[in-house]
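Asker: In the UniProt record's numbering, the protein residues as written are 1 to 291.
From the three backbone atoms N, C-alpha and C, an ideal C-beta is built for every residue, glycine too.
1. So, helix, strand or coil for residue 163, using DSSP?
2. Quick one: what's got a C-beta closer than 7 Å to residue 29's C-beta in the same chain, skipping five residues either side?
3. According to DSSP, simplified to helix, strand and coil, what is residue 108?
4. Mapping DSSP to helix, strand and coil, what is residue 215?
5. Relative to the C-alpha of residue 253, which residue among 231, 222, 226, 175 is closest?
6. Sorted by chain position, which residues of the same chain lie with C-beta nearer than 8 Å to residue 54's C-beta, five sequence neighbours on each side aside?
7. Should the stretch 136 to 148 be called in touch with the stretch 101 to 120, which here means at least 3 C-beta pairs below 8 Å?
8. Can you tell me whether residue 142 is helix, strand or coil according to DSSP?
9. Which whole runs of the beta strand (DSSP E) in the stretch 66 to 112 are 3 residues long or more, in chain order?
10. Nearest by alpha-carbon distance to residue 81: which of 112, 224, 15, 74 is it?
11. For the stretch 181 to 191 against the stretch 152 to 162, do three or more pairs of beta-carbon atoms, one drawn from each stretch, fall closer than 8 Å, so that the two count as touching?
12. Going by the beta-carbon positions, is the gap between residue 73 and residue 41 smaller than 8 Å?
13. Taking a contact to mean a Cβ-Cβ separation below 8 Å, would you say residue 109 touches residue 77 in this structure?
14. Given a cut-off of 8 Å, decide if residue 261 and residue 2 are closer than it, judged by their beta-carbon atoms.
15. Residues in its own chain within less than 7 Å of residue 39 by CB, not counting five upstream and five downstream?
16. Does the Cβ of residue 219 have 16 or more other Cβ atoms within 10 Å, making it buried, or fewer, making it exposed?
17. My guess is that residue 178 and residue 200 are in contact by the Cβ rule of under 8 Å, so how many angstroms apart are they, rounded?
18. Quick one: what's residue 176 bridged to in DSSP?
19. Pull up the distance between the alpha-carbon of residue 37 and that of residue 246, whole angstroms please.
20. Rounded to whole angstroms, what is the Cα-Cα separation between residue 89 and residue 194?
21. My assumption, with CB atoms under 8 Å, is that residue 149 sits in contact with residue 216. Please give the rounded CB distance.
22. Confirm, please, whether the CB-CB distance from residue 173 to residue 145 is below 8 Å.
23. Please classify residue 147 as buried or exposed, where buried requires at least 16 neighbouring CB atoms within 10 angstroms.
24. Report the rounded CA-to-CA distance for residue 32 versus residue 12, giving the unit in angstroms.
25. Less than 8 Å between the CB atoms is what I'm expecting for residue 64 and residue 24, so what's the real figure, rounded?
26. Classify residue 56: buried if its beta carbon has 16 or more other beta carbons within 10 angstroms, exposed otherwise.
27. Under the DSSP definition of a beta bridge, which residues are partnered with residue 33?
28. Do residue 136 and residue 160 come within 8 Å of each other at the CB atom, strictly closer than that value?
29. Near residue 249, what residues of its chain come up, given a Cβ to Cβ distance below 7 Å and the 5 sequence neighbours on each side ignored?
30. Hey, out of 237, 225, 255, whose CA is closest to residue 211's CA?
31. Using a threshold of 8 Å, state whether the C-beta atoms of residue 292 and residue 251 are closer than that.
Below you can see the structure in the form of structure tokens.
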């Protein structure tokens, strides 16, 4: 059965880390994805985790009746500068160990390189994976990767080709719907290629920044090296949700045990409960329609 999970990022400013499990349960979720947090695994930093915190996480999750689908660290996995890339490998190694201790089989992450240094970043990525793949295998954890806007690879097909080049089933793909228009808007052709290497789909909407002849968003001066996208509630942007879920259904993703559908709306923190509940309902509706 596919797991519908909550990304608790909208609650970071209002709730303590260990309260996220209660928040997820209150909003109708049985699963949660643990994302970067100063009391957990911060952006680009070593995990702030000891045995006592791991035990507390397990206890609070069990008490709330919420299980952890995955961890989401963001580390400089493909960074072109060696000291920071090596630190990312150390940080991710520890994160894999934490996932194994929590019996969480999945880590979702990003390439985290630089587009202006794409060749060096790709080389850094493969160096990092030479170290990390044996660790993943040893602990029985799968690492899924998202081609994030402003990374050294943004196009979905190109990202899959890079992942495929590892020739390892320990590494898969994250399809982030709100990155659709940076990935090439190619759900119908990309998802069949990914097959069972697609491990997670993030459910948030975004506007197509290519529309209006590229003038939908204007930055000054023209030509700024920027990337624009949103994480909106389903239906508030331009993502074709029926097309996406039809492709997921046809590929078998929606019937796969352990597949993850994660709500990650970031733009409406002031009404996070309302949006979280609505997101769960919309995901379930799409799931029922296209399974």
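Answerer: Looking at the coordinates:
1. helix
2. 4, 5, 6, 66, 280
3. Note: residue 108 maps to strand in three-state DSSP.
4. coil
5. Residue 175 is the option with its Cα nearest to residue 253.
6. 98, 101, 102
7. yes
8. strand
9. 67 to 71, 106 to 110
10. 112
11. Under the Cβ criterion (8 Å, minimum of three pairs), the stretch 181 to 191 counts as touching the stretch 152 to 162.
12. With contacts defined by Cβ atoms closer than 8 Å, residue 73 and residue 41 form a contacting pair.
13. yes
14. yes
15. 17, 48
16. exposed
17. Between residue 200 and residue 178 the Cβ distance is about 13 Å, and since that is not below 8 Å, they are no contact.
18. 202
19. 34 Å
20. 25 Å
21. No, residue 149 and residue 216 are not in contact; Cβ-Cβ is about 15 Å, not under 8 Å.
22. yes
23. buried
24. 14 Å
25. For residue 64 against residue 24, the beta-carbon gap comes to about 7 Å, under 8 Å, which counts as contact.
26. exposed
27. According to DSSP, residue 33 shares a beta bridge with 70.
28. no
29. The answer, listed in chain order, is 290, 291.
30. Selected option, being the one with the closest Cα: 237.
31. The question about residue 292 has no answer here: the residues shown for the chain are numbered 1 through 291.
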